[in-house]
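Beneath this line is the structure, given in structure tokens, with notes to follow.
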Amino acid sequence: MRIQVVKSKIHRVRVTGADLNYIGSITIDEALMEASNIFEGEKVSIVNINNGERLETYAITGPRNSGEITLNGPAARKVHKDDIIIIIAYGSIDMEEAKNFKPSIIFPNEETNSLK
Numbered sequence: 086m087r088i089q090v091v092k093s094k095i096h097r098v099r100v101t102g103a104d105l106n107y108i109g110s111i112t113i114d115e116a117l118m119e120a121s122n123i124f125e126g127e128k129v130s131i132v133n134i135n136n137g138e139r140l141e142t143y144a145i146t147g148p149r150n151s152g153e154i155t156l157n158g159p160a161a162r163k164v165h166k167d168d169i170i171i172i173i174a175y176g177s178i179d180m181e182e183a184k185n186f187k188p189s190i191i192f193p194n195e196e197t198n199s200l201k
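The sequence shown runs 86 to 201 under my numbering.
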């Protein structure tokens, strides 16, 4: 049997923009995507600490070391600039494999969205 587990998590980053007129997705700094093992086009869940909203979208790569976290399209209605969010990607793995699986979880600086 396969189960869903947390594969990747970017814990508590600051939203830098919300662009309602974009086609959709979340733009994430390339360095954060790389460190958390999130891939362009991958489905992600967004949890907004400020208002409790939860939504799903897909990741697109933003400029490396820019700190960019922008919700695009309809998701822009669920966040405001400077909200703190958690970005989570899940994976499907065998139950036995899950016993030893370690997700990629990062804790960026909330003020700068950097890894330092």
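Beta carbons are placed, not taken as given, at the ideal position from N, Cα and C, and that holds for glycine. This structure is a prediction, so every number in the text was calculated from the model and none was measured.
{"Asked": "Is it the case that the Cβ atoms of G176 and Q89 are separated by a distance below 9 Å?", "Found": "yes"}
{"Asked": "Specify, as a first and last residue, the run of the beta strand (DSSP E) that E141 falls within.", "Found": "139–147"}
{"Asked": "Would you say the region 116–123 touches the region 158–170, given that touching needs at least three Cβ pairs under 8 Å?", "Found": "no"}
{"Asked": "Note the first and the last residue of the continuous beta strand (DSSP E) segment covering E177.", "Found": "Sequence inspection shows Ser at residue 177; the Glu mentioned does not correspond to that position. Note, S177: beta strand (DSSP E), 169–179."}
{"Asked": "Specify the secondary structure class of G109 as computed by DSSP and reduced to three states.", "Found": "coil"}
{"Asked": "In the structure shown, what three-state DSSP assignment does S121 receive?", "Found": "helix"}
{"Asked": "Thinking T155 and E115 are a contact (beta carbons under 8 Å), I'd like their distance in whole angstroms, please.", "Found": "That belief does not hold up - the Cβ atoms of T155 and E115 are roughly 13 Å apart, past 8 Å."}
{"Asked": "For K163, does the three-state DSSP call read helix, strand or coil?", "Found": "helix"}
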